[in-house]
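All remarks here apply to the structure that follows.
There are 2 protein chains.
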Amino acid sequence: MAKPPKENSPITEHLAYLLAQANREINRQLEMRLSKEGVPVEQWRILKVLSDGNGHSMGELADAVLLNHPTLTKMIDRMVSDTLVYRVQDPKDRRKVLMYVSDRGKALSRRLNSLAVSQEEHIVESYGDKSTNELKRLLESLIGSAN
Amino acid sequence: MAKPPKENSPITEHLAYLLAQANREINRQLEMRLSKEGVPVEQWRILKVLSDGNGHSMGELADAVLLNHPTLTKMIDRMVSDTLVYRVQDPKDRRKVLMYVSDRGKALSRRLNSLAVSQEEHIVESYGDKSTNELKRLLESLIGSAN
DNA sequence: CGCCAATCCTTGAATATTCAATATTCTCAA
DNA sequence: TTGAGAATATTGAATATTCAAGGATTGGCG
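So the protein lines, in turn, are chains E and L. Per UniProt numbering, numbering of the first sequence is gapless, rising by one per residue and ending at 147. Per UniProt numbering, numbering of the second sequence is gapless, rising by one per residue and ending at 147.
What follows is the structure, given as structure tokens:
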């Protein structure tokens with residue numbers, strides 16, 4: 001039974017460590033799948049978020065895809081070079097830049113998404129449907145309570 | 001009820017995303033606490049693992065603290081400069097380098113550990129004892145099934 | 001024994017991220 | 001209306017990480 005860790009308990013009993021370890025492992029697996037398309041996990045996230053077709057500001061997007069602002073700016077620079085996305089200045093508020101996905105980006109997004117879905121199906125197979133759903137529920141709740 | 005995500009479901013329903021988000025948030029909180037001592041989370045992990053007093057090879061350590069080998073080597077370089085840890089060539093197998101924690105490192109490790117424990121207590125307070133334990137159990141099991 | 005592949009760690013170059021500072025635009029109150 | 005301060009995004013320098021290659025040692029097989 002897991003208890004709140006004491007000073008001398010092993011690091012593997014810390015929630016922060018378990019989260020890091022699980023994230024690292026699952027992320028590595030996803031990365032392997034996405035490498036078929038030659039893009040990092042973050043670009044999948046970006047394309048997926050933008051695929052609703054609405055313009056998203058850089059700030060919104062940075063929050064949504066879990067990247068710091070300058071990191072996102074530079075990654076978007078690369079994606080613009082690859083003609084996956086494009087910038088439009090927001091006419092309502094010209095401090096903002098709205099990001100949109102191009103047709104090429106949409107097509108890539110579909111392929112990436114199918115790889116990501118297949119990964120999750122693979123996890124569900126070995127880990128179980130019930131556990132997966134329960135874990136997701138708990139993570140959502142943790143995230144909610146952490147803000 | 002969480003289902004295996006479909007092609008068009010939002011990214012927030014992907015396990016990989018929820019893990020990344022939760023990890024980012026908890027890690028950020030921990031980082032804030034540890035900043036009192038001016039060390040990154042990874043150094044807490046390193047010191048904690050080494051605090052059993054046994055020598056750990058770089059390979060072992062890299063796995064345990066979730067860092068790639070070259071990254072660990074360079075971080076250990078810094079910690080050696082700070083006289084927190086030291087290297088000893090393994091006499092049984094001279095390809096290996098065994099890492100040990102210094103007295104200064106031990107003292108720092110105790111202070112860091114107390115900060116980390118207090119963070120987890122804080123999480124338990126707002127998130128609940130039951131949820132925390134259940135989440136840990138599920139994460140352990142996910143990690144186990146992912147290997 | 002002697003050699004060759006495997007293991008272990010480190011290095012240097014290429015790449016990516018972060019921090020602090022900057023430019024632009026907007027908000028709002030005096 | 002205008003000017004100070006807040007919000008937004010980007011840039012450049014400093015820092016950190018990663019990738020590919022290398023050096024040292026070991027293990028084991030012919």
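The beta carbon of each residue, even a glycine, is placed where N, CA and C say it ideally should be.
Buried or exposed by the 16-neighbour rule on C-beta atoms within 10 Å, applied to residue i
i, result
"Arg78 (chain E)", "exposed"
"Gly105 (chain E)", "buried"
"Pro40 (chain L)", "exposed"
"Lys36 (chain E)", "exposed"
"Asn8 (chain L)", "exposed"
"His69 (chain E)", "exposed"
"Pro91 (chain E)", "exposed"
"Met1 (chain E)", "Annotation note: pLDDT 44 at Met1 (chain E) (below 50); position unreliable, no value reported."
"Arg45 (chain L)", "buried"
"Asn23 (chain E)", "buried"
"residue 208 (chain L)", "A query on residue 208 (chain L) cannot be resolved here, the shown segment of chain L reaching from 1 to 147 and no further."
"Thr71 (chain L)", "exposed"
"Thr132 (chain L)", "buried"
"Val85 (chain L)", "buried"
"Gln21 (chain L)", "buried"
Element boundaries [alpha helix (DSSP H), containing residue i]
i, result
"Leu135 (chain E)", "129-145"
"Val101 (chain E)", "Here Val101 (chain E) belongs to no alpha helix (DSSP H); instead the beta strand (DSSP E) covers 97-101."
"His69 (chain L)", "69-81"
"Ile26 (chain L)", "15-34"
"Asp63 (chain L)", "58-65"
Boundaries (first-last residue) of the beta strand (DSSP E) holding residue i
i, result
"Val49 (chain E)", "Val49 (chain E) -> not in any beta strand (DSSP E); alpha helix (DSSP H) instead, spanning 41-50."
"Arg87 (chain L)", "85-89"
Near the ligand FMN: residue i beta-carbon under 7 Å from a heavy atom
i, result
"Asn68 (chain E)", "The ligand FMN is absent from the structure shown, which contains no ligands of any kind."
Partners in chain E for residue i, counting only beta-carbon separations shorter than 8 Å
i, result
"His14 (chain L)", "Ala116, Glu120"
"Ile143 (chain L)", "Leu18, Gln21, Ala22, Glu25"
"Glu134 (chain L)", "Glu134, Leu138"
Interface partners of residue i on chain E, CB under 7 Å
i, result
"Asn113 (chain L)", "Glu7"
"Leu30 (chain L)", "Ala16"
Residue i versus the options, residue with shortest Cα-Cα distance
i, options, result
"Pro10 (chain L)", "E:Val49, E:His14, E:Ala22, E:His122", "E:Val49"
"Val101 (chain L)", "L:Leu18, L:Leu15, L:Ser57, L:His14", "L:Ser57"
"Ala62 (chain L)", "L:Leu84, L:Val97, L:Val88", "L:Val97"
"Asp82 (chain L)", "L:Leu47, L:Ser118, L:Asn147", "L:Leu47"
"Glu140 (chain E)", "L:Gly144, L:Lys74, L:Glu140, L:Leu135", "L:Leu135"
"Thr12 (chain L)", "E:Glu121, E:Gln119, E:Arg137, E:Glu25", "E:Arg137"
"Gln119 (chain L)", "L:His14, L:Pro5, L:Leu18, L:Leu34", "L:Leu34"
"Leu67 (chain L)", "L:Gln43, L:Ala146, L:Ala16", "L:Gln43"
"Glu60 (chain L)", "L:Met99, L:Gln89, L:Met75", "L:Met99"
"Ala146 (chain L)", "E:Val117, E:Leu115, E:Glu25", "E:Glu25"
"Val65 (chain L)", "E:Val85, E:Val88, E:Leu19, E:Arg95", "E:Leu19"
"Gly38 (chain L)", "L:Leu115, L:Lys74, L:Gly144", "L:Leu115"
"Leu142 (chain E)", "L:Gly144, L:Ile143, L:Leu142, L:Val124", "L:Val124"
"Val80 (chain E)", "E:Leu15, E:Asp103, E:Arg95", "E:Asp103"
Under 7 Å by beta carbon: chain L residues contacting residue i
i, result
"residue 149 (chain E)", "Residue 149 (chain E) lies beyond the range of chain E shown here (1 to 147); nothing can be said about it."
"Ile123 (chain E)", "Leu15"
"Ile11 (chain E)", "Arg45, Lys48, Val49"
"Tyr127 (chain E)", "Leu142, Ser145"
"Thr66 (chain E)", "It should be noted that the sequence gives Leu, not Thr, for residue 66 (chain E). Correct list: Ala20, Gln21, Arg24."
Where residue i meets chain L, residues with beta-carbon distance less than 9 Å
i, result
"Ser102 (chain E)", "Simply none; closest approach about 19 Å."
Neighbour list for residue i in chain L, Cβ cutoff strictly below 8 Å
i, result
"Ser131 (chain E)", "Leu138, Ser141, Leu142"
Original post:
With a cut-off of 8 Å, do at least 3 Cβ pairs link the region 48-55 of chain L to the region 11-30 of chain L?
Top reply: Between the region 48-55 of chain L and the region 11-30 of chain L, the count of C-beta pairs closer than 8 Å stays below three; the two stretches do not touch.
Original post:
Should the region 107-121 of chain L be regarded as contacting the region 119-131 of chain E, the criterion being three or more beta carbon pairs within less than 8 Å?
Top reply: Because the criterion of three Cβ pairs below 8 Å is not met, the region 107-121 of chain L and the region 119-131 of chain E do not touch.
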